[in-house]
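Q:
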Amino acid sequence: MVKVAVVTGSNKGIGLSIVKGLLKRFDGVVFLTARDDGRGKAAVAKLNELGLHPEYHQLDVTDRNSIARFADYIKEKYGGIDILVNNAGVFNATDLYLTYEESKEIIDINYFSYHIIQEYLYPLVRDNGRILNISSDCGHLSNLRNEYWIKKLSSRSLTVGEIDEFANWHLEAVKNGTFNKSDIADNGTVAAYRVAKVAVSALTRIQQKELEPRNISVNSMHPGLVRTEMTKGVGFFDADQAAETPLYLVLEAPHTLKGAYIWFDRQVLDWFDPNADWYFKCKTLSH
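Counting from 1, position 94 in the sequence shown corresponds to residue 94 in full-length UniProt numbering; the numbering is continuous, with no gaps.
#1: Going by alpha carbons, who is nearest to A199 out of A253, A93, R266 and N133?
#2: Enumerated in chain order, which unbroken segments of the alpha helix (DSSP H) with a length of 4 residues or greater are wholly contained in the segment 152-184?
#3: Please name the residue in G15, H57 and G188 whose C-alpha comes closest to that of L96.
#4: Along the chain, where does the beta strand (DSSP E) containing E212 start, and where does it finish?
#5: What would DSSP say about V2, mapped onto helix, strand or coil?
#6: Would you say N110 lies against chain B (beta-carbon separation less than 8 Å)?
#7: Have a look at the DSSP bridge pairing and note the partners of A134.
#8: Quick one: is R266 buried, meaning 16 or more other Cβ sit within 10 Å of its Cβ, or exposed?
#9: Do three or more CB pairs link the segment 189-198 to the segment 92-111 at distances below 8 Å?
#10: Using the C-alpha atoms, what's the distance from E101 back to G259?
#11: Tell me the rounded alpha-carbon separation between R145 and N275.
#12: What ranges does the beta strand (DSSP E) occupy inside the segment 84-138, keeping only unbroken runs of at least 3 residues that lie completely in it?
#13: Could you spell out where the alpha helix (DSSP H) holding L32 opens and where it closes?
#14: Is it the case that the Cβ atoms of Y279 and L269 are separated by a distance below 8 Å?
#15: Is the Cβ-Cβ distance between I67 and I117 less than 8 Å?
#16: Select from G89, N143, K75 and V44 the residue whose C-alpha is nearest the C-alpha of K281.
#17: What residues match up with E55 in a beta bridge as DSSP calls it?
#18: Tell me whether F26 sits in a helix, a strand or coil according to DSSP, three-state version.
#19: Report the rounded CA-to-CA distance for G28 versus K46, giving the unit in angstroms.
#20: What does the Cβ neighbour count give for K20, buried or exposed, with the cut at 16 atoms within 10 Å?
#21: Give me the Cβ distance between G129 and I216, rounded to the nearest whole Å; I'm assuming they're in contact under 8 Å.
#22: Could you check if M1 is buried or exposed, using at least 16 other CB atoms within 10 Å of its CB as the buried criterion?
#23: Exposed or buried, P246, counting other C-beta atoms within 10 Å across all chains shown (16 or more means buried)?
#24: How is I81 classed by DSSP in three states: helix, strand or coil?
#25: So, with DSSP's three-state summary, where would you put I262?
#26: Between the alpha carbons of C138 and V61, how many angstroms are there, rounded?
#27: Take E252 as the anchor and find which of R25, K3 and G9 has the nearest alpha-carbon.
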């Protein structure tokens with residue numbers, strides 16, 4: 001049986017570096033995927049020049065048909081997936097305070113897409129497989145200041161529907177002009193991105209519970225402030241450096257590490273502490 005690793009949104013940035021690392025260290029097939037076919041194939045060509053040979057498939061994580069086609073291809077050709085890195089994400093915004101359209105795109109791609117991925121790809125993840133959700137320091141619970149949502153999201157009986165409600169609560173507030181900056185850390189800056197990543201971190205816990213009977217590990221992690229197109233070149237790490245902890249988590253970490261929120265230095269954090277100092281601060285962008 002051929003082992004299979006899949007990295008979503010991997011034609012550039014951290015995703016591309018994770019693919020590179022997997023090609024060097026993983027004993028199996030590695031899929032580079034991209035929403036844009038041209039960019040995806042161009043990334044494959046660059047890796048081929050380095051003597052690295054990923055498989056490629058178009059994949060738009062917000063397009064149900066695209067995900068279904070990819071799932072069918074994997075199932076027919078390889079039968080399953082051993083490693084799945086949910087890396088696809090965007091931060092398309094012109095300001096630190098986002099319009100409704102920007103907010104909706106960010107939350108749709110960075111959070112709601114996980115529902116479609118889970119529907120089509122998670123059933124293909126083999127027993128004892130590993131799933132890694134790329135979150136952010138924006139994904140720690142301390143990014144929230146709204147007491148109702150802190151209590152709701154930290155509940156051990158949290159449901160997916162309640163996480164969806166949280167995401168939609170923010171979208172409705174932005175749409176209706178009732179968004180309160182004091183509900184979110186750092187005076188409500190990049191709020192939709194924070195909401196999406198907090199939602200992903202919360203969803204990770206539920207996914208772990210659901211997949212526990214098959215001994216599949218599901219974790220989320222903050223890769224650090226990375227010099228990529230998304231951060232407009234601002235950051236403390238290059239993409240290859242930022243890929244090291246994700247690679248460790250899917251290749252080497254103890255399989256007992258499950259449902260955790262992990263920092264870029266492999267530190268496992270208490271996600272449930274709303275008073276911690278792990279939230280994203282805009283001033284870091286000026287360093």
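Using N, Cα and C, we set each Cβ at its ideal position, and we do this for glycine too.
A: In short:
#1: N133
#2: 160-176
#3: G188
#4: It is not in any beta strand (DSSP E) - E212 carries neither H nor E in the DSSP assignment.
#5: coil
#6: Absence of chain B from the displayed structure is noted, only one protein chain being present.
#7: A small correction: the amino acid at residue 134 is Ile; Ala does not occupy that position in the sequence shown. Paired residue(s): M221.
#8: exposed
#9: yes
#10: 32 Å
#11: 9 Å
#12: 125-134
#13: Element bounds for L32: not the alpha helix (DSSP H) but the beta strand (DSSP E), V29 to A34.
#14: no
#15: yes
#16: N143
#17: F31
#18: coil
#19: 20 Å
#20: buried
#21: 5 Å
#22: exposed
#23: buried
#24: strand
#25: strand
#26: 21 Å
#27: R25
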